[in-house]
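Chains H and Y, in that order, give the protein sequences. Position one of the first sequence corresponds to residue 644 (this note's numbering), numbered consecutively onward. Position one of the second sequence corresponds to residue 644 (this note's numbering), numbered consecutively onward.
There are 2 protein chains.
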Amino acid sequence: MPLLVMKFGGTSVADLDRIRNAAAKVQREVERGYDVIVIVSAMSGKTNELVGWVEKTSPLFDAREYDAVVSSGENVTAGLMALTLQEMGVPARSWQGWQVPINTTAAHSAARFVEIPRANLDQKFGEGFKVAVVAGFQGIGPDGRITTLGRGGSDTTAVAFAAAFDAERCDIYTDVDGIYTTDPRITSKARKLGKIAFEEMLELASLGAKVLQTRSVELAMRYKVRLRVLSSFDETDESSGTLVCDEDEIMESKVVNGVAYSREEAKITLVTVEDRPGISASIFEPLADAGVNVDMIVQNISEKNFEDHQGSVTDMTFSVPINQVERAKRAMEDARAAGRIDYDELIVDTEVAKVSVVGIGMRSHAGVAARMFKALADENINIKVISTSEIKISVLIDRKYMELAVQALHDAFGLEAA
Amino acid sequence: MPLLVMKFGGTSVADLDRIRNAAAKVQREVERGYDVIVIVSAMSGKTNELVGWVEKTSPLFDAREYDAVVSSGENVTAGLMALTLQEMGVPARSWQGWQVPINTTAAHSAARFVEIPRANLDQKFGEGFKVAVVAGFQGIGPDGRITTLGRGGSDTTAVAFAAAFDAERCDIYTDVDGIYTTDPRITSKARKLGKIAFEEMLELASLGAKVLQTRSVELAMRYKVRLRVLSSFDETDESSGTLVCDEDEIMESKVVNGVAYSREEAKITLVTVEDRPGISASIFEPLADAGVNVDMIVQNISEKNFEDHQGSVTDMTFSVPINQVERAKRAMEDARAAGRIDYDELIVDTEVAKVSVVGIGMRSHAGVAARMFKALADENINIKVISTSEIKISVLIDRKYMELAVQALHDAFGLEAA
């Protein structure tokens, strides 16, 4: 029997009506001949209520107890979804993490999958059950305690089940109807993609397109799980949403498939740093130790202070998440006080944004960067920092130009047309 | 290490403040040198919310899924209580039914205990944990599915753990401060009992004193678990509340220890029934088949219709719960239509109440019934039906005299004085 995994997030199961709506989508797939594993989140708001209680009770909480409390939200939804399906005449059974069992590491609140044995669910499917409703976001650790998976855990649960059960597809029902070439709020020309490659989705996910958690896409890529993102609230059919799949499945890919952006960036420049071997390590080790996630890095020869210094000097520029600026500043000042590095000045610019173009077609096409820079130059947008990967080019620009840059790049790479 | 079981009901853990208050009572026992097993109910209101969702989703719900959903309320409290104790510096761990495991029968929503193995909790106590917080009301069935125990399940869980772990005592924290000689709302002379025997408590529990569920008292009596009922909201010490214990522990018992009452009674009389062998069975079998709980039964020779009948005749009077009157009437009418019984008339009296005196001292003291009847006669209260057991005498009277009867009996047996 072919098998599908269907995942419904918190807003898709927020109340009994929405659970019924989601169950109807499951029923339709059963009628098409699928066995279905449904992964559910907690009803929206419930997890926050539980987390609030835990944090109020114990600010430095024991993660084992946090997991035991917080996982209960998903258990409730799983039972209610199974009952709703039964009420529709679909043989269904709920499964909590320990019942499957979903074996994870012992890292409470941030556990990772170890193994999902198929025997228990397979037995129930063999007995004529058509649907297994599994509580997402949770598992059981080696010590027999309940674990949770951390942010995005339910998406990751869905992908893990799809991999373990050789699912034909893993459908992620959410509150958007697919992946777009860029944010439709920024340009009405944004177009929904029919397909997108795992690698592209990963770049988009980590760049701030918040539809799928990076971790679930990584797992899908590793196990070649075909992921489909589609809306819980629309009528959906076989072709709805966006399929995230192996690039082999995408016949003819454009050079660029999406334009992503992030406002949550800050640029830090260390002015007049000694240009010697090992200087990069001296700067970035203290930042790493302080838990600062450095993203883009540029080093450029500075002329202006040359005469004051023995040997050559450089300016070092890097970007960090805007909420880590203070931590980064302190790490640099401490490193200077400890004599590990020296610089004349530390300049913070929080009025920046990152704009990126992403596409697996870049690998085989030259000139993408030149086309990107020209499009920005035509709008008189100054580029402050550049970084590239095999399938992505990112630039840091003044934040006030962000929307303009996204629109210009969307046009320049012809993303409006399918 | 001596061990205590402490059970907190829904109102005792209704919010984080009350959980903290309950945890302080646990901490105090730990400081006295006890290992403690804490049994918790769901925060008050939570179980009703969950039951409401299930019933709305599926009026004829699958009891397995009902149990999976409804048990989650206790899991939340268990985790929060463990966190609260940890925050106070008490090493504590939460336990869900399947983790202990609490093995039950497969009778979902009305499961019974099969076995509670000690190994897992004993191991944790051995590792230095002082408190195991166990989710009440739940267990795990032979098929690995979650079960619940039905009404009063958390009290019963507490007693079962006290039996399995040879607890020195099982303290039931509730919203009253003990067991009284009668309802203090009926007479201000009602006195809190220091001790009461299991058998007496059983009679009082089933007679409508709603502090402890009958089932938990039965279990306590079978395993000789010393039960203490005391208030969650008062300051409590070693001598607080009422100890429910074996009668051997009660040095000098009064003849009567309590006066119970129930308004939920109705009296049914079948007038002019043939008085032949087997007539009782012909009447009470159809009632039992219809699920009617017959309580008191009286058969008395009726003179008035004697001449109309061949052979002797009788009137048969019995009492049933007031909400089963219609069902009882239909069962009798059907039995008459089927020719199984015959009677001239069926008279229902719903304006009655049952008043009982209870005491293990009755076994060795004659004259209790006479003293009871005289006390009622002195108040001109007419007795309609009498039934007795070894340690209890119950009478059915007009409901309007109920409070007066309770007060008169409380005085007559000197219950005000300790």
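Ideal placement from N, C-alpha and C gives every residue a C-beta, glycine not left out. As the structure is a prediction and not an experimental result, all values here were calculated from the model.
Beta-carbon contacts of residue i that lie in its chain and below 8 angstroms, excluding the five residues immediately before and after
{"i": "Y:GLU672", "result": "LEU647, MET649, VAL679"}
{"i": "Y:VAL719", "result": "ALA685, MET686, LYS689"}
{"i": "Y:HIS1008", "result": "VAL898"}
{"i": "Y:MET1005", "result": "VAL898, VAL899, VAL1011, GLU1033, ILE1034, LYS1035, ILE1036"}
{"i": "H:LEU836", "result": "GLY821, ILE822, TYR823, THR824, THR885, ASN900, GLY901"}
{"i": "H:VAL712", "result": "LEU693, TRP696, VAL697"}
{"i": "H:ILE783", "result": "GLY740, TRP741, PRO744, ILE745, ASN746, THR747, ILE789, THR790"}
{"i": "H:VAL819", "result": "VAL854, VAL872, SER874"}
Residue closest to residue i, alpha-carbon to alpha-carbon, out of the options
{"i": "Y:VAL1001", "options": "Y:PHE1016, Y:THR1031, Y:ASP992, Y:GLU994", "result": "Y:THR1031"}
{"i": "Y:LEU659", "options": "Y:ALA721, Y:ASN691, Y:GLY695, Y:ASP710", "result": "Y:ALA721"}
{"i": "Y:VAL998", "options": "Y:ALA1048, Y:ARG973, Y:PRO702", "result": "Y:ALA1048"}
{"i": "Y:VAL743", "options": "Y:ALA749, Y:THR960, Y:MET731, Y:GLN766", "result": "Y:GLN766"}
{"i": "Y:ARG1014", "options": "Y:VAL1028, Y:ASP987, Y:GLY1057", "result": "Y:GLY1057"}
{"i": "H:SER1037", "options": "H:ALA775, H:ASP1054, H:VAL995, H:GLU1059", "result": "H:VAL995"}
{"i": "H:ILE926", "options": "H:GLY732, H:GLN729, H:SER752, H:ASP977", "result": "H:ASP977"}
{"i": "Y:THR957", "options": "Y:GLU1059, Y:ILE984, Y:LEU764, Y:ARG906", "result": "Y:ILE984"}
{"i": "H:GLY732", "options": "H:VAL694, H:PHE772, H:LEU764, H:THR799", "result": "H:PHE772"}
{"i": "Y:ARG1090", "options": "Y:ALA754, Y:ASN746, Y:HIS751, Y:SER752", "result": "Because chain Y here runs from 644 to 1061, residue 1090 of chain Y falls outside it and cannot be looked at."}
{"i": "H:ILE1149", "options": "H:GLN670, H:LYS853, H:ILE965", "result": "A query on residue 1149 of chain H cannot be resolved here, the shown segment of chain H reaching from 644 to 1061 and no further."}
{"i": "H:LEU1039", "options": "H:LYS1027, H:GLN1050, H:GLU1046", "result": "H:LYS1027"}
{"i": "H:ARG753", "options": "H:LEU726, H:GLY653, H:SER797", "result": "It should be pointed out that residue 753 of chain H corresponds to Ala in this sequence rather than to Arg. Closest option to H:ALA753, Cα to Cα, is H:SER797."}
{"i": "H:PHE756", "options": "H:GLU730, H:SER715, H:LEU862", "result": "H:LEU862"}
{"i": "H:PHE768", "options": "H:ALA706, H:ALA749, H:SER737", "result": "H:SER737"}
{"i": "Y:VAL963", "options": "Y:TYR986, Y:ALA981, Y:ALA931, Y:ASP880", "result": "Y:ALA931"}
{"i": "Y:PRO785", "options": "Y:THR993, Y:ALA750, Y:LEU764, Y:THR879", "result": "Y:ALA750"}
{"i": "H:ALA1020", "options": "H:PHE780, H:ALA1055, H:VAL991, H:SER715", "result": "H:ALA1055"}
Bridge partner(s) assigned by DSSP for residue i
{"i": "H:PRO964", "result": "H:GLU908"}
{"i": "Y:GLN942", "result": "Y:MET959"}
{"i": "Y:LEU862", "result": "Answer is none; Y:LEU862 lacks a bridge partner."}
{"i": "H:ASP814", "result": "H:MET649, H:ARG871"}
{"i": "H:ALA725", "result": "None; H:ALA725 has no bridge partner."}
{"i": "Y:VAL1106", "result": "Not covered by the structure: residue 1106 of chain Y. The range shown for chain Y is 644 to 1061."}
{"i": "Y:VAL887", "result": "Y:ILE839, Y:LEU870"}
{"i": "H:LEU913", "result": "H:MET959, H:LEU989"}
{"i": "H:THR1031", "result": "H:ILE1036"}
{"i": "H:ILE783", "result": "H:ASN746, H:ILE789"}
Proximal chain Y residues relative to residue i, where beta-carbon distance stays under 9 angstroms
{"i": "H:THR727", "result": "THR700, SER701"}
{"i": "H:LEU764", "result": "Those do not exist, as H:LEU764 stays about 12 angstroms from chain Y at its closest Cβ, beyond 9 angstroms."}
Cut-off 6 angstroms between Cβ atoms - residues of its own chain near residue i, not counting five sequence neighbours on either side
{"i": "H:ALA801", "result": "VAL648, LYS650, ILE682, CYS813"}
{"i": "Y:LYS1035", "result": "GLU846, SER999, VAL1001"}
{"i": "H:GLN739", "result": "ASN718, ALA778"}
{"i": "Y:ALA657", "result": "MET686, SER687"}
{"i": "H:ALA933", "result": "ARG970, ALA974"}
{"i": "Y:LEU723", "result": "ILE662"}
{"i": "H:ALA833", "result": "TYR823, THR824, THR825, PRO827"}
{"i": "H:MET864", "result": "PHE841"}
{"i": "H:LEU728", "result": "ALA666, ALA735, VAL774"}
{"i": "Y:THR817", "result": "GLY652"}
{"i": "Y:ASP938", "result": "SER962"}
Proximal chain Y residues relative to residue i, where beta-carbon distance stays under 7 angstroms
{"i": "H:ASP705", "result": "LEU726, GLN729"}
{"i": "H:SER715", "result": "SER715, ASN718, VAL719"}
Beta-carbon neighbours of residue i, restricted to chain H and to distances below 7 angstroms
{"i": "Y:SER737", "result": "GLU708, ALA711"}
{"i": "Y:GLY722", "result": "GLU708, ALA711, VAL712"}
Own chain residues within Cβ distance below 7 angstroms of residue i, not counting five before or after
{"i": "Y:LYS867", "result": "ASP889"}
{"i": "Y:ILE893", "result": "LYS838, ALA840"}
{"i": "H:LEU989", "result": "ILE911, LEU913, LYS972, MET975"}
{"i": "Y:VAL935", "result": "VAL963, GLN967, ARG970, ALA971, ALA974"}
{"i": "Y:THR993", "result": "ALA909, ILE965, VAL968"}
- Item | Contact set between the segment 668-698 of chain H and chain Y, restricted to residues whose Cβ is under 8 angstroms from the partner | LEU693, TRP696, VAL697
- Query: Just by C-beta distance, which residues in the segment 774-800 of chain Y are closer than 7 angstroms to chain H?
  - Reply: Within the segment 774-800 of chain Y, the qualifying residues are GLY787.
- Report the residues of the segment 738-762 of chain Y with a CB closer than 8 angstroms to any CB of chain H, ordered along the chain. GLN739, TRP741, GLN742
- Task: Mind checking the segment 866-891 of chain Y against chain H and listing, in chain order, the residues whose C-beta falls within less than 7 angstroms of any C-beta there?
- Result: none
- Any residues in the segment 645-671 of chain Y with a beta carbon nearer than 7 angstroms to a beta carbon of chain H? Which ones, in chain order? LEU659
- Task: Give, in chain order, every residue of the segment 834-862 of chain Y whose Cβ lies closer than 8 angstroms to some Cβ of chain H.
- Result: Within the segment 834-862 of chain Y, no residue has a Cβ lying closer than 8 angstroms to any Cβ of chain H.
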